[in-house]
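A.B. asks:
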Amino acid sequence: MDPRFSLNQITTKAWSLPEAVAGCAEAGVGWIGLWRDKVAETGVDEAARLLEAHGVRVSSLCRGGFFTGVTPDGSPVDGVAQTREAVDEAAALGAGVLVLVVGGIAGNDLAASRQRVADAVGELAPYAGERGVRLGLEPLHPMQCADRSVLSTVDQALAIAAEHPAAQVGVIVDEFHVWWDPRIEESIAAAAGRIAGFHVCDVLVPLPDPLLGRALPGDGPIDHRHLRAAVEAAGYTGPIEVEVFNAGLWARPGAEVLAETVAAFERHVA
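For what it's worth, the numbering used here labels the leading residue of the sequence shown as 292, then goes sequentially.
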C-alpha cells in the first residue's frame, strides 16, 4: 500500500470514529482525515487516545471557516470563534492541517465577502501557528460559491494564503473542485511550498448533485496521476486523502468501502 494513502472519514460516513480508526489500523492504513462532527461524538481526548493506540495519524481535520457567516443550511455562525475551537481540536489530535471552507456570499457582495475571509485568516493565522496547526484554504467548485465558498480557484486561495507565513496558511488542492480549471497546472506550480493537502476522488457523469456527485478514483474523467505529479512537482510530499461524498458508498459497510477505496487508489493514483 502507498504509505501516503489517507482515508478521509467522509468516504466511510457510516463508520463512527472508533470504527474508522480501528478499520484503518486493521487494513494497514496509517493516515485518516477526520471530521469534527465525528470527533465530537467520541470526544477529543478519547479520539486522541484511540489514534495513538492504533498507530493512526491525522492527515487533516475538517473543518473550520464560514467566515462570511453564510452556511449551506442558513444557520448563523461565528466563523472566527468556531475556527479557534477547531484549531485547538486539531492541535490536541496531532493534526497539522485544519481544512477551511470559508463560507458563501454575504449580502450579494462577492468582493466584500472575500475580504471578510482575508480579514479572518489574518486574525487566526498567528493563533494557529502558535499551536502548530496550518490553516488550509480549500477552494470549492464555482457551483458552491453562493452557499459554501467564495473561493473557487487555487489562485484565489493562494492570494490570501500568500499574505502569511507558509507554515501558518496554505491551500488545499481537491480534485473534485479544481480539475476543470484551465489554469490548474500553473496555479499548482505557483502554490509551491503552500500546498497543505491533496484530496482525490472522481466526478460522476452525468453529475447528479454538486455535493454528492463524487466517485472513487477511476470512475470518472479526472487524470489523477497528472494532478498528483503537479502537486509533487510543487513540493508536496504529504498524505493524499481520498474524499468521496457519495450516498451509495455511505450505505455500504465501511470495511468493504475502505477495501475498494484502497484498490482504486492503487490502480489510478499511486
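Built from N, CA and C at the ideal position, the CB exists for glycine as well.
Going by CA-CA distance only, name the one from Ala409, Phe357, Asp379 and Arg405 that's closest to Val392.
C.D. replies: Phe357
A.B. asks: So for Ala487, helix, strand or coil by DSSP?
C.D. replies: strand
A.B. asks: Are three or more beta carbon pairs between the region 472-486 and the region 502-509 nearer than 8 Å?
C.D. replies: With a cut-off of 8 Å, the region 502-509 and the region 472-486 do not count as touching, because too few Cβ pairs lie within range.
A.B. asks: Smallest Cα separation from Val533: which of Glu454, Leu389 and Arg505?
C.D. replies: Arg505
A.B. asks: Should the region 496-503 be regarded as contacting the region 461-468, the criterion being three or more beta carbon pairs within less than 8 Å?
C.D. replies: no
A.B. asks: Alpha carbon to alpha carbon, what distance is there between Glu523 and Phe489?
C.D. replies: Going from the Cα of Phe489 to the Cα of Glu523 covers about 10 Å.
A.B. asks: Starting from Gly461 and walking both ways along the beta strand (DSSP E), at which residues does that stretch end?
C.D. replies: Its beta strand (DSSP E) spans residues Val460 to Asp465.
A.B. asks: With a threshold of 8 Å, are at least 3 pairs of Cβ atoms found where one atom belongs to the region 368-386 and the other to the region 422-441?
C.D. replies: yes
A.B. asks: Which residues in the same chain have their Cβ closer than 8 Å to the Cβ of Thr359, if we skip the five residues on either side of it in sequence?
C.D. replies: Result list for Thr359: Gly370, Val393, Gly394, Gly395, Ile396, Ala397, Ser404, Arg407, Val408 and Val441, in chain order.
A.B. asks: Please report the straight-line C-alpha distance between Pro433 and Ala554, rounded to a whole angstrom.
C.D. replies: 30 Å
A.B. asks: By the 10 Å Cβ neighbour count, where 16 or more other Cβ atoms means buried, how is Arg327 classified, buried or exposed?
C.D. replies: buried
A.B. asks: State yes or no: is the C-beta of Val464 within less than 8 Å of the C-beta of Arg516?
C.D. replies: no
A.B. asks: What would DSSP say about Leu495, mapped onto helix, strand or coil?
C.D. replies: coil
A.B. asks: Assuming Leu352 and Leu401 make a contact with CB atoms under 8 Å, what is their CB distance in whole Å?
C.D. replies: No, Leu352 and Leu401 are not in contact; Cβ-Cβ is about 28 Å, not under 8 Å.
A.B. asks: I'd like to know whether the C-beta atoms of Ala450 and Val460 end up nearer to each other than 8 Å.
C.D. replies: no
A.B. asks: I need the straight-line Cα distance from Leu341 to Ile301, nearest angstrom please.
C.D. replies: 18 Å
A.B. asks: Report the option in Glu476, Met292, Ala542 and Ala437 whose CA atom is closest to the CA atom of Val361.
C.D. replies: Checking every option, the nearest Cα to that of Val361 belongs to Ala437.
A.B. asks: How many angstroms separate the CA atom of Val312 from the CA atom of Ile323?
C.D. replies: 8 Å
A.B. asks: Can you give me the C-alpha to C-alpha distance between Asp514 and Pro367, rounded to a whole angstrom?
C.D. replies: Just so you know, the alpha carbons of Asp514 and Pro367 end up roughly 38 Å apart.
A.B. asks: How is Leu352 classed by DSSP in three states: helix, strand or coil?
C.D. replies: In the three-state reduction of the DSSP assignment, Leu352 falls in the strand class.
A.B. asks: If I'm right that Val448 touches Leu428 with Cβ under 8 Å, what's the distance once you round it to whole angstroms?
C.D. replies: According to the sequence provided, residue 448 is Ala. The question's Val does not apply to it. Contact flag correct, Cβ pair sits at about 4 Å.
A.B. asks: Would you kindly report the start and end of the unbroken alpha helix (DSSP H) that includes Leu540?
C.D. replies: Taken as a continuous stretch (DSSP letters only), the alpha helix (DSSP H) holding Leu540 covers Ala538 to Trp541.
A.B. asks: Check for me: the beta strand (DSSP E) holding Gly427 runs from which residue to which?
C.D. replies: Arg425 to Leu428
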